[in-house]
Every structure is written in structure tokens, then in C-alpha cells.
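Just so you know, the sequences run in chain order A and B.
The first sequence: position 154 = 153 (numbering that gives the first Met the number 0), numbered continuously.
The second sequence: position 118 = 117 (numbering that gives the first Met the number 0), numbered continuously.
Cβ atoms here follow ideal geometry from the backbone N, Cα and C, with glycine treated the same way.
What follows is a single structure, written as C-alpha cells, with notes after it.
Protein chains: 2
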Amino acid sequence: MSLYLRELQMVSGSGKPTISSSTLARRLGLTASQVRKDFAYFGQFGYPGIGYRCDELIQKIRSILGTDRVWPVALIGCGNLGQALLGYRGFGNQGFSVVAAFDKQPNLVGRTFEGLTVRHMDELAETVVASKIELAVLAVPAAAAAEATQEIVAAGISGIMNFAPVTLNLPPSVSQVGVDLAIELEQLAFSVVAKQRARDRSEKG
Amino acid sequence: MSLYLRELQMVSGSGKPTISSSTLARRLGLTASQVRKDFAYFGQFGYPGIGYRCDELIQKIRSILGTDRVWPVALIGCGNLGQALLGYRGFGNQGFSVVAAFDKQPNLVGRTFEGLTVRHMDELAETVVASKIELAVLAVPAAAAAEATQEIVAAGISGIMNFAPVTLNLPPSVSQVGVDLAIELEQLAFSVVAKQRARDRSEKG
DNA sequence: TAGATTGTTAATCGATTAACAATC
DNA sequence: TAGATTGTTAATCGATTAACAATC
């Protein structure tokens, strides 16, 4: 759904008012049936003979994804990665706003990055309530992830985006997405060697 | 496979010499059949009655993934995100080493981050050859991604890890993995609202 | 030998695709 | 009306699971 949204925003931005399932499918490397099925799962959004109205569909998908409003986000961990994520402008466009940043390191607490002053983790719970924060971005070292997770859950957060290369143990009420950059690079390396091996086979065999 | 590797490294680190498919499955939330099938696809790595020898399996998976050696990596784009990726220590452990960093901004070229001096993109092709670089991490703004991609492909890179929120148009010989942080956050938000909606339904209905 | 556990085959399940009546 | 395109049903395909002979 997120990928459809991204593509529809580009189509809409280029001035096209509607798009057919077959055109959208081609752009994303899918089948038209697949596209129609995906949308139909959430309701009847299309117009037979016409296609899908881009702006209307964008609204619908936003509403489905819950990004038709701005989500306040807490950043946990303000080391290198955390600072970069603060500087990353991609979040704001898509309905997310990092409204508070936390750490435990005395040399980071109190410093200001991108206009946000780093607070101590002890202030997390009260800030979550005060700013109605539901999502946390966890950007601490692997060794600190388990403890930070406990504090995040205790503070009442509903979803965690985890950059630490460890498996988090969460209650089922809390959602998570894991972003493990090393694993992504491994997938890439595997894909590269798989292609090399395929080439070697077709040359030799 | 990467997830198996990560888990096996933890098991091995805790001193266990072997592990059964059922134990490994439980730890990862899979079925034992699934685990055995995944391994069997690449060969016969297990011992009936015993299980899998952790260290041996780790070696095999590394060899399958191609991470039984160190991959030199080029970083393209040294803004906030690029600098954070340079500082990120997770890559080195898993067989990747960022050996060169590139940008086009005059205020970045020549500066040094984490011991690497930023070079101009014009030097990419020769550096790729000299350092036998096969992978590139693309951390430039969306608007600059298409042009940078062309230069990367022209330089002879085999795989691109793309942090820009755009669909790259690549020849089939070049692999890619896309890491779109806004999309990941959207998935998280969707998961949170889906749970809220499920709760609302069960309370009301 | 008895117990444990594999690799693999057959059965099940779900997801993708193709086809088409309904609709603009 | 004719052409285009949807939502949905039926057919196909692939992936997951269960079962079990083979093996340590």
C-alpha cells in the first residue's frame, strides 16, 4: 500500500487525474489483477471504464494507512544514527514528525540537534503523555536495546521502529518494524553473487 | 537466511554446539518444517538424530550469502544520512567495509568523516576499479538519485542499496535493495491503527 | 537397540492470475 | 452504442505444513 501511495503521488504530481490498474501495475512491476485485488480488499475505489482517480485514491490509502494525520514520534538514542534520522527530511513529508529526542549519555543530554534538545530517558513517560506520542524510533546500540525497549513499552508507546540488530521481545499490543542495515546489505550481496553464479553456470554449462 | 545467521550466531555465542530445526524454529517464530526446507534447498547440512552444528552451519550460510569475505563498499552521498552510515559500526561486523565516500557538493568534497576523505563523484569509476568495489550505498536526496544511479552503473557497480525514496531504473545485471524509512514508518503506523481498529471492533461488536 | 532428528515426499493452504459480467 | 476498465469469481500456481522412511 505504501508503494502504491508513493507511485500515485508521482502520477498525480505529473498532472494525470486518473490511472488504470494496468498502467499502475506496469509502473510497479505487478499484474493488473494484483493491483485491483489489493485495492478491492479495502473497498470499491475504482470507476469501471475510467480507472482510479489519483487524488481520491491517495486520500483513501492515507486513511487506510493512518497517515491522513501527523503522527508525533519520539527518537530514542541520539548517537550518529539518531542524529542522522533527525536530519532526515523524508519523514515530515509523509505525516510523521519527530517531536522529542531522548538519550542516557550525559554528553548528549541537553545538546540540541535540528532544533530539538535531547532529554534524559527519565522524562520519556511524561513527554509521551504530554505530546500524545504513539511511535518511537529506536536508534541505540544493540547492547542498550533491551533496556530501552522496556522503558518505551512502560511509557505507553504503541509502535517501535527498531534499528538495533537484535530481536525485540514485545507484548503483542505493541507493533514493530525492524530495519537491520547489515541484513539488507547481506541480501544485496547474496543477490549479486546469485547473479554471478547464474552467469558462471550459463557460460560453463 | 540472514535472520538464521543472526540467530545462529547468538546460539553459538551462548555455547551451544548444535541446534535442532524445532528449537531454531521456535526462536524465530517459524515451523520446524520451514527451517529444514530452507536449509535443504542449499544442500544437506544437518545430522539426523543430532540437529545442525552451529559453527558449521554459520560457515555454510556465510558462504551461501557471499559474506565469507569482506565486501568493499562505496558510499554515495555524504549528507546527514551518509555521515551517519559511515559512523554506523554494524556493517563491519558482518563482512562489509566502506572504503570510499563520494559527493558532488563542493562544501563536502575534501572533508574527512570517520577517517574517510570525501571524493568527488568524478573519481568514482577509477576508485571502483582500483579498490575492486562491487556494492554502493546510495544516500543522496531523491532529486539527485537518478543521475547518481547512472554514474554508479557506468562505474561498473553490481549492487546498490538505495536510501532515496524513488524507484531506480536499473539494468537487470545490477541488483538493488531499497530502504525507504518513510515507508517503514507507514507500515508501523498501519500496524498500530489496525490493532486499534481490531480492539474497537471487539469492544463494540 | 531406542530416541531423536534429518531430508523429502505428499497434502494442504493461501496467494496470484485469468476471465468475464457489470458498469461507466 | 462501443470501448474501456472495474470488482469478483474460478483456475492456477507456489509455498507452507505434516508425515515418515532413513539415519545417526
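- Closer than 7 Å to the CB of B/Thr66 there is at least one CB belonging to chain A.
- Pairwise C-beta distances place the region 7-14 of chain B out of contact with the region 174-190 of chain A, as fewer than three of them are shorter than 8 Å.
- Under the Cβ criterion of 7 Å, B/Gly28 is not counted among the residues facing chain A.
- For B/Val117, the enclosing beta strand (DSSP E) has its first and last residue at Leu115 to His119.
- Sequence-distant Cβ neighbours of B/Leu27 in its own chain, meaning closer than 7 Å and more than five residues away, are Leu2 and Glu6.
- With a threshold of 7 Å between beta carbons, B/Phe112 makes no contact with chain A.
- Residues of chain B whose Cβ lies closer than 8 Å to the Cβ of A/Pro170 do not exist, since the nearest Cβ in that chain is about 11 Å away.
- Segment contact: the region 72-85 of chain A against the region 107-120 of chain A, three or more CB-CB distances shorter than 8 Å; contact assigned.
- Chain order gives the chain B residues near A/Ser1 as Ile182, Glu185 and Gln186, where near means a beta carbon separation below 7 Å.
- For B/Ser174, the enclosing beta strand (DSSP E) has its first and last residue at Ser174 to Gly177.
- Your pair A/Ala147 and A/Leu137 checks out as a contact, with CB atoms roughly 6 Å apart and the cut at 8 Å.
- For B/Glu133, the residues of chain A that pass the 7 Å Cβ criterion are Val191, in the order they occur in the chain.
- Residues of chain A with a Cβ closer than 7 Å to the Cβ of B/Arg200 do not exist, since the nearest Cβ in that chain sits about 15 Å away.
- In terms of CA proximity to A/Val98, A/Leu123 leads the group A/Leu123, A/Phe41, A/Gly65 and A/Leu169.
- Taking A/Gly81 as reference, the option from A/Ala153, A/Gln33, A/Gln104 and A/Arg25 with the minimal CA-CA separation is A/Gln104.
- At a Cβ-Cβ threshold of 7 Å, A/Val72 and B/Glu183 do not count as neighbours.
- Remark: C-beta atoms of A/Thr30 and A/Ala24 approach each other more closely than 7 Å.
- Counting C-beta atoms within 10 angstroms of its own C-beta, B/Asn168 has fewer than 16 neighbours from the protein chains shown and is therefore classed as exposed.
- Residue burial annotation: B/Asp102 is buried, with at least 16 other C-beta atoms found within 10 angstroms of its C-beta.
- C-alpha of B/Asp179 to C-alpha of A/Gly89: approximately 9 Å in a straight line.
- The C-alpha of A/Gly65 lies about 21 Å from the C-alpha of A/Val152.
- Secondary structure of B/Val69 (DSSP, three-state): coil.
- In the same chain as A/Val34, and ignoring 5 residues on each side of it, the C-beta atoms closer than 6 Å to its own belong to Ser20, Leu23 and Ala24, in chain order.
- At a cut-off of 7 Å, the C-beta of A/Phe44 has no neighbouring C-beta in chain B.
- Per DSSP, the unbroken beta strand (DSSP E) holding B/Ala135 starts and ends at Leu134 to Leu137.
- With a 10 Å radius around the Cβ and a threshold of 16 neighbouring Cβ atoms, A/Asn161 comes out buried.
- Within chain B, no residue has its CB atom less than 7 Å from the CB of A/Arg25, the nearest being about 12 Å off.
- Annotation: Cβ neighbours of A/Ser157 in chain B (cutoff 7 Å, chain order): Val191.
- When Cβ-Cβ separations below 7 Å define contact, B/Phe101 makes no contact with chain A.
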